[in-house]
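A.B. asks: One structure, pasted below without further comment.
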Amino acid sequence: MTSAAAPGKHRSGATEPMATEPMVRRFGRAVLGRQPIGMIFGAPYLLFIVVLFAYPLGLAVYMSFHRYFFTAPGVSVPRPFVGLSNYAAVFSDPAVRQSFLNLLIFLVINVPFTVVLSLLLATALNAAIPFRAFFRTSFLAPYVTASVAMIGVWLFMFSSGGIVNSALGPLAPVPSWLVNQKWAMPSIAIYVTWKGLGFYILLYLAALQAVPKELYEAAVMDGASWWHRLLSVTVPGVRQVTTLVTLLAVITGANLFTEPYLLTGGGGPNGKSASPVLLIYQTGIEQNHPDFASALGIILVIGVLLIAGIQQLVQRRQA
Amino acid sequence: MTKSRTWFAAALTLTVAVALAVAACGGGGGVSASTATSAYGPISIWYSNNAQEVAWGEQMVASWNKLHPGQQVTGEQIPSGQSSEEVIGAAITAGTEPCLIYNTSPASVPDFEKQGGLVPLNDFPGGAAYIEARTGPGASVYKSPDGKYYQLPWKSNPVMIFYNKKEFAKAGISTTNPPLRTYSQFLATAKKLVSSGAAKYAIYPSPSSEFFEAWYDFYPLYAAESGGQELVENNKATFDSAAGQAVAGFWRQLYARNLAGDESYNGDPFADGTAAMAIVGPWAIADYQGVVDWGVVPLPTSQGNSLDTIATFSDAKNVAMYASCKNRGTAWNFLKYSTSLAEDGKLLDMTGQMPMRQGIQQLYASYFKANPAYKEFAAEAAHVIEVPIVPNSVEIWQAFRNDWSESVIFGQERPGQALAAAASQINQLVTGNGEP
C-alpha cells in the first residue's frame, strides 16, 4: 500500500507545479526529457556522427542506385533511379574482380603476419631485454613516419638494382618485386605489415600488462616451456586484443590505397596490385562516375562487415 | 514514455543535424549567367605551382591591380592534390573554384563542362573572335562538340626528345647531330648508351598506370608517326592502325631490351643521369638548367621525317572561366589582359613555355635570338596536336593506358591485340555507351 501510495502522491504532487509551469519549459521537458543538459552535451557527437558518417554513407547508398555524377551547385541534372545496374556494372568489371582478388591475397598475407609478428615481438619487448626502449621506438618509427617517405625507401630497396636484389643475387625475382605480377601484391602486404607493426605491438604490450604474473609463475612451476607459456597463458590472456588487431588489420587492408598508388605506380603491373579503393578513386574522382564508385564502396563495406561479423561469431564460440 | 521521449529527442537532433549537413554541403547555389557576364568587381584566379609560372602570375596580377583598383584580382597557386584535374573537379562540385584557372587541362574540359562548371567564352561580345585571332586556325580543335569555346588555348609545351650530351659523348655518340631520327637509329643509339655504361637506361618515361602518362610516351610518337592524327577523330579511335602499331612496337622493343625503365622511379631519371634521354616539353628546362648539359631533337618516326613535318603532342594548359564566378565581366577583361601580346611575351620570357599565339617566332624574335635552344620548340609549336575534346575523355585515356601497360610496358599481351581491344572500348566510350 505504502509503495502504491507513494507514486500516487508524487504524481498528484507534481500536477500542481505542472499547471503553473511555463508552456515552453513543459514542451522542452517533453521533448528533451528530464536531463536536457545531457542531450545538449551529447548533441555535438551525434552531429559529428551524422555529418561525417551517416550522411555520406546514406548519400553513397543513394548514388549507388542512381545515375549520378558530380555537378556544380545550382546545376540541375536528371538523376534517374537505375536499380541494381551500378552493382551489375561493378560485378561485371574484370578490373574490379581482379582488385578483390588482389585484396584477398593482401589480407591472407597481411592479417596473419600482423597478428603473429606483433604478438611475438610484443612478448619479446615485454621481457627484460637489453635496449628495450630503443627496440620499442624502432618498431614504432615506421608507423609514425609518413607513408610517402617510407615508400620512397622501399622503392629504392626493392627496385631491380636495389639492396634486396643485390643481397639475393641470382635468387632475386625477374622482373623485380614491384613490377612482377606474382610478387607485387605480396610485396605491398609485407610493406604494410612492416609499417603497421609498431602500432599493433603497442596494443599487445598494453594487453600483456594485464595478464596476471601469477599465471606465468604457476606455469613455470609446472615445468612449462617458453612456447607452452606463450600458447597457454599469453595467447588466451590477450584474446580480446587479438580480436581488435585482426579487425583493425582487415579494415586497414580493405582501405588500401596509398601503397598501390605510389609503390606500384597505380596498381601495376597490369592491375595486379590494384585495390578496390584505388578503383574507387579512379572511377569516382578522376572519371566522375561516383555512382559506380559508390556501388563498389558499398560492396566493400558489406564485405568488411561480413568478415567482422564472422570473426565476432568465431570469437564468441571460442569464448 | 521516457524511451519514446528519448527517441523523439534523438530524431529531432538528427533532423537538425541532417539539415545542417545538407545546408553545409549544398554550396552557395548557382550564379545567374545573364547578370554575371556584365558584372565587374574583385575576382580570384589560380595558376600553376611551378616557380616560373608563379613569378609570372604574381607580376601579372600586380600590374592589373595597379591599373584597376576597383577590380582587384587575388592570385593563388592551385591547391595541392594528386592532380590539378582532381582539385578543380572537387572545387567545381563544392562551388569554391575561382573565376579563372591558368592550369586547365584540355582533357578535363569535357568533364568540367558536363558538371556545369564552365562558362562558355562565346557568351562575351567578341569572345570567339578574340580566341581565333590570337591562336589562329589551331583554335578550332579546342571547340567543344556544341561549337562553343569553354577554354582559351593558352600555352603549349611541344613534347620533344631531350638528350644528355655528356652521356652521349661518353658512349661515343655525336652530341650535335645524334642519330635519333628513325626508330632503327633510335634503338641502335639506345643500345649503345646502355651497353657502354653511359647510362642505366636510354629513356625512362613514367611507367605508372595514371591516365595522363600516355601523353609522354605513346601520344607524341603517334602524332609524329601518323602525321598529326588525334587519338579519336570523328567519334572513332584512330590508333588501331599501322602508325599506332609501329609506335607500340617501337616502345615494346625499348622495354623488352631493358633500354627503358619499367619501375616507378623516385625523382627525375633524366636529371639524375639514370636515363640518357627524356621525352618532355620545354617546361622542364628550368629543372635541367645547371644539372644536365642537354640538347633537343624532334621525335623519331619509322621513316625519319624532317623537322618541318613532324607533329607532336602539345601538352597544352589552357585558361577556363568557372561557373561560380560572379564578376564575369572583370574575369573576361582580365583573361584578355593576361593573354595580351605583352603578357604572352612575359610568359615566354619567364617560363620558356610557348604562348598559343600565331607567329610567335616573328613576334618574339629577340627572345629566340637570345635563346636559340627554344627555337626548336617554337618550330614544333606550329605542328602540335591536342587530346580529343570528347565525352569521357579521362576514362578513354585510362582505358588506353591499361591496355598499353599490359602489352607494351609489361609484355603480357601482343601490342596489336591490345590496341585493338583499347580501340573497341574507346569507341563505346566516345558515344557514351561504355560508361560504367
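Protein chains in written order, with our numbering: chain G, 80 to 398; chain W, 705 to 1140.
We put the CB at the ideal spot given by N, CA and C, even for glycine.
All of these numbers come straight from a predicted model, not from anything done at the bench.
Using a Cβ cut-off of 7 Å, pull out every chain W residue sitting near asparagine 349 (chain G), in sequence order please.
C.D. replies: Going along chain W in sequence order, the residues near asparagine 349 (chain G) (Cβ under 7 Å) are Ser1109, Glu1110, Phe1114, Gln1116.
A.B. asks: Assuming serine 748 (chain W) is part of the beta strand (DSSP E), what are its boundary residues?
C.D. replies: Start and end: 747-751.
A.B. asks: Alpha carbon to alpha carbon, how far is glutamine 819 (chain W) from phenylalanine 149 (chain G)? Give it in angstroms, no decimals.
C.D. replies: Distance between the alpha carbons of phenylalanine 149 (chain G) and glutamine 819 (chain W) is about 6 Å.
A.B. asks: Going along chain C in order, which residues have a C-beta closer than 9 Å to the C-beta of asparagine 1106 (chain W)?
C.D. replies: Checking the listed chains, one finds no chain C in this structure; the protein chains it contains are G and W.
A.B. asks: Using a beta-carbon distance cut-off of less than 7 Å, what residues from the region 359-379 of chain G approach chain W?
C.D. replies: Going along the region 359-379 of chain G in chain order, one finds Gln361, Thr362, Ile364, Glu365, Gln366, Asn367, His368, Phe371 with a Cβ nearer than 7 Å to chain W.
A.B. asks: Less than 8 Å between the C-beta atoms of glutamate 1084 (chain W) and threonine 1016 (chain W), yes or no?
C.D. replies: Their beta carbons are under 8 Å apart, which means glutamate 1084 (chain W) touches threonine 1016 (chain W) by this criterion.
A.B. asks: By the 9 Å beta-carbon criterion, what residues does the region 787-809 of chain W contribute toward chain G?
C.D. replies: Flagged, chain order: Ser787, Glu789, Glu790, Gly793, Ala794, Ile796, Thr797, Ala798, Gly799, Glu801.
A.B. asks: For a test of your reading of the model: does the CB of serine 736 (chain W) fall under 7 Å from any non-hydrogen atom of the ligand COA? Yes or no.
C.D. replies: Here there are no bound small molecules, and the ligand COA is not part of this structure.
A.B. asks: Comparing alpha-carbon positions, which option in W:Pro773, W:Ala1125, W:Ala1027, W:Asn754 lies nearest alanine 798 (chain W)?
C.D. replies: Checking every option, the nearest Cα to that of alanine 798 (chain W) belongs to W:Ala1027.
A.B. asks: Quick one: using the 10 Å Cβ neighbour count with 16 as the cut-off for buried, is threonine 1141 (chain W) buried or exposed?
C.D. replies: There is simply no residue 1141 (chain W) to check, as chain W begins at 705 and stops at 1140 in what is shown.
A.B. asks: Assuming contact is defined by CB atoms lying nearer than 8 Å, are leucine 287 (chain G) and threonine 216 (chain G) in contact in what I supplied?
C.D. replies: Not a contact, by the Cβ cut-off of 8 Å.
A.B. asks: Along the region 1017-1046 of chain W, where does the CB come closer than 9 Å to a CB of chain G? Name the residues.
C.D. replies: Flagged, chain order: Tyr1026, Ala1027, Ser1028.
A.B. asks: Among G:Ile389, G:Leu126, G:Met142, which has the Cα closest to the Cα of asparagine 367 (chain G)?
C.D. replies: Ranking the options by Cα distance to asparagine 367 (chain G), first place goes to G:Met142.
A.B. asks: Is glycine 240 (chain G) helix, strand or coil when you go by DSSP?
C.D. replies: Three-state result, glycine 240 (chain G): coil.
A.B. asks: Does tryptophan 998 (chain W) come out as helix, strand or coil in the three-state DSSP assignment?
C.D. replies: The answer is strand: DSSP assigns tryptophan 998 (chain W) an E or B state.
A.B. asks: For valine 314 (chain G), return the contacting residues in chain W, with the cut-off set at a CB-CB distance below 9 Å.
C.D. replies: Ordered by position in chain W, no residue passes the 9 Å Cβ test against valine 314 (chain G), which lies about 40 Å from the chain.
A.B. asks: Where does valine 393 (chain G) sit, in a helix, a strand or coil, going by DSSP?
C.D. replies: Here valine 393 (chain G) sits in helix by DSSP.
A.B. asks: For methionine 864 (chain W), which of helix, strand or coil comes out of DSSP?
C.D. replies: Strand.
A.B. asks: Counting only the same chain and skipping the five closest in sequence on each side, list residues whose C-beta sits under 7 Å from that of methionine 236 (chain G).
C.D. replies: Within the same chain, methionine 236 (chain G) has close Cβ partners Ile242, Val243.
A.B. asks: From which residue to which residue does the alpha helix (DSSP H) around asparagine 668 (chain W) run?
C.D. replies: The shown model of chain W, from 705 to 1140, leaves out residue 668 (chain W), and the question about it has no answer.
A.B. asks: Would DSSP call alanine 212 (chain G) helix, strand or coil?
C.D. replies: Here alanine 212 (chain G) sits in helix by DSSP.
A.B. asks: Do you know whose CA, among W:Lys847, W:Gly932, W:Thr893, W:Ala843, lies nearest isoleucine 877 (chain W)'s CA?
C.D. replies: Ranking W:Lys847, W:Gly932, W:Thr893, W:Ala843 by Cα distance to isoleucine 877 (chain W) puts W:Thr893 first.
A.B. asks: Give a yes or no on whether the minimum CB-CB distance between valine 317 (chain G) and chain W is below 8 Å.
C.D. replies: Not one chain W Cβ lies under 8 Å of valine 317 (chain G).
A.B. asks: Can you pull the chain W neighbours of valine 103 (chain G), defined as C-beta to C-beta under 7 Å?
C.D. replies: Per Cβ cutoff of 7 Å: no residues; valine 103 (chain G) is ~15 Å from chain W at best.
A.B. asks: List, in chain order, every chain W residue whose beta-carbon is nearer than 9 Å to that of threonine 150 (chain G).
C.D. replies: Residues of chain W passing the Cβ test: Ile796, Thr797, Lys818, Gln819, Gly820, Gly821.
A.B. asks: So what does threonine 1005 (chain W) bridge to, in DSSP terms?
C.D. replies: The partner list for threonine 1005 (chain W) (beta bridge, DSSP) reads W:Thr886.
A.B. asks: How would you call glutamate 762 (chain W), buried or exposed, if buried means at least 16 neighbouring beta carbons within 10 angstroms?
C.D. replies: Under this definition glutamate 762 (chain W) is an exposed residue.
A.B. asks: Determine, using beta carbons only, whether phenylalanine 423 (chain G) comes closer than 8 Å to chain W.
C.D. replies: Because chain G here runs from 80 to 398, residue 423 (chain G) falls outside it and cannot be looked at.
A.B. asks: For alanine 980 (chain W), does the count of other Cβ atoms within 10 angstroms reach 16, so buried, or fall short, so exposed?
C.D. replies: So alanine 980 (chain W) ends up on the buried side.
A.B. asks: For glycine 345 (chain G), which residues in chain W fall below 8 Å Cβ to Cβ?
C.D. replies: Ordered by position in chain W, the residues that pass the 8 Å Cβ test against glycine 345 (chain G) are Ser912, Ser913, Glu914.
A.B. asks: Look at the alpha carbon of leucine 341 (chain G) and the alpha carbon of serine 968 (chain W), and state the distance between them as a whole number of angstroms.
C.D. replies: Spanning the two alpha carbons is a distance of roughly 8 Å.
A.B. asks: In the region 230-264 of chain G, which residues sit with their C-beta less than 8 Å from some C-beta in chain W, listed in chain order?
C.D. replies: Here the close residues are Gly231, Leu234, Phe235, Ser238, Ser239, Gly240, Pro254, Ser255, Leu257, Val258, Gln260.
A.B. asks: Using a C-beta cutoff of 8 Å, does valine 154 (chain G) count as contacting chain W?
C.D. replies: It does; some Cβ of chain W falls within 8 Å.
A.B. asks: In chain G, which residues lie less than 7 Å from valine 1098 (chain W) when you measure between Cβ atoms?
C.D. replies: Near valine 1098 (chain W) (Cβ distances below 7 Å), the residues of chain G are Glu365, Gln366.
A.B. asks: Span of the alpha helix (DSSP H) holding glycine 1120 (chain W)?
C.D. replies: Counting along the chain, the alpha helix (DSSP H) containing glycine 1120 (chain W) begins and ends at 1119-1134.
A.B. asks: By Cβ distance, which residues of its chain are closer than 6 Å to isoleucine 359 (chain G), with the 5 residues on each side in sequence left out?
C.D. replies: Ala372, Leu375, Gly376, listed in sequence order.
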